[in-house]
Structure formats: C-alpha cells, structure tokens
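Reviewing the structure listed below.
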Amino acid sequence: MERPRGIVVIALIVAAEATALLVAAAWYGYELLTNAPVLSFAGAVFTLGLLLAFSAWLYAVAAFLLRGRRWTRAAALVAQLFVLTIGFPTLTGGVVLAGIAMLVPAVTALVLLFDKRVISYASRTGDLPPAL
93 MERPRGIVVI
103 ALIVAAEATA
113 LLVAAAWYGY
123 ELLTNAPVLS
133 FAGAVFTLGL
143 LLAFSAWLYA
153 VAAFLLRGRR
163 WTRAAALVAQ
173 LFVLTIGFPT
183 LTGGVVLAGI
193 AMLVPAVTAL
203 VLLFDKRVIS
213 YASRTGDLPP
223 AL
C-alpha cells in the first residue's frame, strides 16, 4: 500500500513538535546549569526529564506513523490536543505569532488524522514487520 501524503505531513508536524520540545529542553537545561533561580532543583530536573522524554516519544510516534503502526494515530491525536490546549490560551493571551505557530499545525494534523486514506494506511494489520 502506498503511503499517503497526509501521513507524511502528520509525521513532519509531530517531528517538528518533538524538535521544539528538544530545543526547549536544551534551553531549560542551559538555564539550569547557569544557576537560574529555581524553587526546587529536583523539580527542575524532573521537568527537564519530562521535556526530553516527551520529545523522544514524539520522535518515535513520527517514525512509526510513517511505518503505518496503528497506535500512532491515537498518540498523534493526543499530542495535537495538548498543543491546542497550550496554543489557544497563548493566542488569546496576546502572543499571537506563537499561538498561530502552535494552532495551525495542530489543526492541520487533526484534520489529516481523520482522512480516510490516513486511517486506512495506519490501520493495516498482519503485513507489518516487527516494531523492534
């Protein structure tokens, strides 16, 4: 079965979101190392770990989405809902460019996730090689 363009677009959006989280983690880690004031050092390290873990998770979702894995649609959907949860208040809070930069890709991915070709491609069973 040929990979639909919608899958590629969704995977690129998810990979871009993972890259944004990785950049945020790098910035957060830099600030942590340069002795930026924090209320709890352990909490700051935990937050850094979460940023790195979510970034790795989104990279995995993007890679396995291109392979047509079933679970990736749900993971991409939840990720886009989280982005909408952050993007909408950002937009209405006056940070328009950042809000639009979050909302437009998330809405695009959400629409494409329900395209029949994407659903068909990401719902295949039996013909896929093992994930690991």
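Take the sequence shown: its letters are residues 93 to 224, numbered as in our numbering.
Ideal Cβ positions, reconstructed from N, Cα and C, are used throughout, including at glycine.
Is residue j closer than 7 Å to residue i when the C-beta atoms are compared?
| i | j | result |
| --- | --- | --- |
| ILE102 | ALA198 | no |
| GLY160 | ARG216 | yes |
| VAL106 | VAL170 | no |
| LEU144 | ALA166 | no |
| SER147 | LEU113 | yes |
Could you give the distance in angstroms between the alpha-carbon of residue i and the alpha-carbon of residue j?
| i | j | result |
| --- | --- | --- |
| LEU150 | LEU158 | 13 Å |
| GLY98 | ARG209 | 8 Å |
| ARG119 | GLY186 | A small fix is needed here, since residue 119 is Trp in this sequence, not Arg. Computed Cα separation, rounded: 23 Å. |
| THR126 | GLU94 | 49 Å |
| MET194 | GLY179 | 5 Å |
Where does the unbroken alpha helix (DSSP H) through residue i begin, and where does it stop?
| i | result |
| --- | --- |
| GLU94 | Premise fails: GLU94 is in no alpha helix (DSSP H) and is neither H nor E. |
| SER212 | 208-213 |
| SER147 | 133-158 |
Nearest chain C C-beta to residue i closer than 7 Å, yes or no?
| i | result |
| --- | --- |
| ALA118 | Note that chain C does not occur in the displayed structure, where there is just one protein chain. |
Uninterrupted alpha helix (DSSP H) stretches inside the segment 164-209 (no shorter than 4 residues): 188-205
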